[in-house]
Each structure stands twice: as structure tokens, then as C-alpha cells.
Amino acid sequence: MDKLKLSELKLKDMMRKYFNEKVENLQKRVRQLEIKKKFYILTNEDDKGCMLYAKHRSLFGSLLGIEVIIAPITSVQDLKKYLLEINSNRYPCMLDLPCKDNNIYEVYKQKITKNLDSEGVDISSWLDTENYMYAPATPKGIMQFLDWLNIENYDKKQITIIGKGKTVGKPLMNILTRYYKNDVMCVSSTSSFDYMFYACKNADILICASGVRGSVGDFHTSDTKPVLVFNVGTCVLNGRLVNEYQPTKPNIHYTDTKDSVGMLTLLALFDTVVKRMEDTQ
Numbered sequence: 152m153d154k155l156k157l158s159e160l161k162l163k164d165m166m167r168k169y170f171n172e173k174v175e176n177l178q179k180r181v182r183q184l185e186i187k188k189k190f191y192i193l194t195n196e197d198d199k200g201c202m203l204y205a206k207h208r209s210l211f212g213s214l215l216g217i218e219v220i221i222a223p224i225t226s227v228q229d230l231k232k233y234l235l236e237i238n239s240n241r242y243p244c245m246l247d248l249p250c251k252d253n254n255i256y257e258v259y260k261q262k263i264t265k266n267l268d269s270e271g272v273d274i275s276s277w278l279d280t281e282n283y284m285y286a287p288a289t290p291k292g293i294m295q296f297l298d299w300l301n302i303e304n305y306d307k308k309q310i311t312i313i314g315k316g317k318t319v320g321k322p323l324m325n326i327l328t329r330y331y332k333n334d335v336m337c338v339s340s341t342s343s344f345d346y347m348f349y350a351c352k353n354a355d356i357l358i359c360a361s362g363v364r365g366s367v368g369d370f371h372t373s374d375t376k377p378v379l380v381f382n383v384g385t386c387v388l389n390g391r392l393v394n395e396y397q398p399t400k401p402n403i404h405y406t407d408t409k410d411s412v413g414m415l416t417l418l419a420l421f422d423t424v425v426k427r428m429e430d431t432q
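Count the sequence shown with the working numbering and you get residues 152 to 432, in order.
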């Protein structure tokens, strides 16, 4: 694919093309597998958000030809029971629980057999490898899409990340500083206004991952040069998902809740799942 100028980016069309290409590739790889195509999602069935994501992943897995097992986890004992089955059969899996269940996450990292986790919960398992294949799905998905876009003079683009969370902000910063040569700035809740203003105003690529609606406004960003914005943070207003940054300027290309980063996350997650299966075959 020819080098893409950000000024010529048609984001929705490109995301649609990317999705179709990636799904076709994943389906082909799954058909070539000669092992049981099972993927476990260990989650909390009482948490509506977790179950919604689990069902979306299950439907997407079915599209690819993968059986997705949604396993309810309410205690460490539940976790150990399922991990016995997972480790014995070398099934790829992921743990998706509310943040309050930190103890279960620690047990998971200790007990899961190496190379079965598909969501990069242990940074040491992926950061020092030759690429970011096994990184958490959302930052991995964003970077894979950026790679695929093949942006002209990409290594000279300034990338600004809003938010330093362990799910997106920190892993994304680690990926960019480890594998790329871009000028990267990361804004947190403790950053000064001047630092944030400079980081956003000069950004060519802006990744909003704070989960705070309105964390960035039009006055923060460039008025002239093209800017690519990824709305990553989950923001809710009156029961509906809304964008963290809602641009009104014509030079801003942005993902919204319809052509969302969620699609990139899903593709990246199942890319890791299939790679885990290929590794054990």
C-alpha cells in the first residue's frame, strides 16, 4: 500500500477495509489449525459490563470458527478450577474482571501456564520480545492499525497519549518507546495545563484514554494540520456511550462510538488468541 498522507485519510473507509482484511486473514489461519479451537474468557457474570464484552467476543469468535467459553469467576477457588482445565489442555485464555478483584489477577499471573494468557496482563511476558504481538489488545490494536495505514513520514509524527492507565496508556507508552522512534508525550491527571496544551496542540496522532468526557477540547488541538484522534476511554452520558473528545474542526479525523477502537481491540485480541493456538500446535 502506498504511503498515506494524513490530509487524505478517509478514516471510516479505511477502518472498514482493515476490518474485512483482518477477519479474512484470521478465518484463514483458524481453518489451518489442527487442534481444538477453544478460547476461555474468565469473567464476572454479575458485572454487566464484563458480560457484555464477553458476549461480543464470543460472537466474534464464532465468526472466526473458535469456540469461546465464558467461565464465571467469583473466587480464587473458581479461578484455580478453570486454570487446571486450561493449563492441562493448553487453551488460550484471558481474565476480565472489575478492577477491585486485584487479588484474583495476582493469582492468575502466578498460576497461568506461560504462553496461554492472551491479554498481556504481565508486562514482562511481552515487553522484552522482538515485537508487541502479545501486548494488551487495545494498545496492540491501535499500533497494528497505524502500521497498516502506512502513514507518510510516520516516524516524525508526534504522538500524544491522554491517560496513564495500566490497560491502555502505560502499555501504549511502553510499545512506542520500545519499538518506535516517534516523539511521544503522555498526559496524566497530574500534568500541568501548559504541558497538556503543548502536547495536544503539537500532536499529529492523539490517543484519548483517560475515560473522562471532555478531557480534550478543540482549543487544545491544531487548527491547521491534519490530526488523527483515537477515542479509547469509555465515557457515558445519560446512559449512552459518548466520545472522550468530540471534535468539530474539519482537520481532525477521529474514531467515535460507531467506528470505534473496540473493533481494533477485538481484532488484536483474536490475533493473539490464534497466535497462541499456532504456538501450541
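We put the beta carbon where it would ideally sit given N, CA and C, even for glycine.
By Cβ distance below 8 Å, which residues in the same chain neighbour residue i in space, the five residues on each side in sequence not counted?
{"i": "Lys317", "result": "none"}
{"i": "Lys231", "result": "Val258 and Lys262"}
{"i": "Asn254", "result": "Val227"}
{"i": "Ile186", "result": "Met428, Thr431 and Gln432"}
{"i": "Thr328", "result": "Val335"}
Would you call the CB atoms of residue i and residue j closer than 8 Å?
{"i": "Arg182", "j": "Gly216", "result": "yes"}
{"i": "Tyr285", "j": "Thr416", "result": "no"}
{"i": "Ile293", "j": "Ile358", "result": "yes"}
{"i": "Lys154", "j": "Asn301", "result": "yes"}
{"i": "Val412", "j": "Val383", "result": "yes"}
Smallest Cα separation from residue i: which of the options?
{"i": "Gly355", "options": "Met166, Phe381 and Leu203", "result": "Just to set this straight, residue 355 is Asp in the shown sequence, not Gly. Nearest option by C-alpha distance: Phe381."}
{"i": "Leu157", "options": "Lys400, Lys376, Leu420 and Tyr283", "result": "Lys376"}
{"i": "Gly314", "options": "Thr328, Arg180, Thr341 and Leu327", "result": "Thr341"}
{"i": "Leu278", "options": "Pro322, Met347 and Gln178", "result": "Pro322"}
{"i": "Val425", "options": "Leu160, Tyr191 and Ile358", "result": "Tyr191"}
{"i": "Val272", "options": "Thr280, Ala288, Gly212 and Met324", "result": "Ala288"}
{"i": "Asp369", "options": "Gly384, Gly362 and Cys351", "result": "Cys351"}
{"i": "Thr408", "options": "Lys400, Arg364 and Lys308", "result": "Arg364"}
{"i": "Ala360", "options": "Leu420, Arg329, Cys386 and Leu214", "result": "Cys386"}
Going along the chain, which residues of its own chain have a beta-carbon closer than 7 Å to the beta-carbon of residue i, five neighbours each way excluded?
{"i": "Ile403", "result": "Thr372, Val378 and Val380"}
{"i": "Arg427", "result": "Pro243, Asn266, Leu267 and Ser269"}
{"i": "Ile237", "result": "Tyr191, Cys244 and Leu267"}
Within 10 angstroms of the Cβ of residue i, are there 16 or more other Cβ atoms? Answer buried if so, exposed if not.
{"i": "Val319", "result": "buried"}
{"i": "Phe344", "result": "exposed"}
{"i": "Thr399", "result": "exposed"}
{"i": "Asp247", "result": "buried"}
{"i": "Asn195", "result": "buried"}
At what residues does the beta strand (DSSP E) containing residue i begin and finish?
{"i": "Gln309", "result": "Gln309 to Ile313"}
{"i": "Tyr191", "result": "Lys189 to Thr194"}
By Cβ distance, which residues of its chain are closer than 6 Å to residue i, with the 5 residues on each side in sequence left out?
{"i": "Leu160", "result": "His404"}
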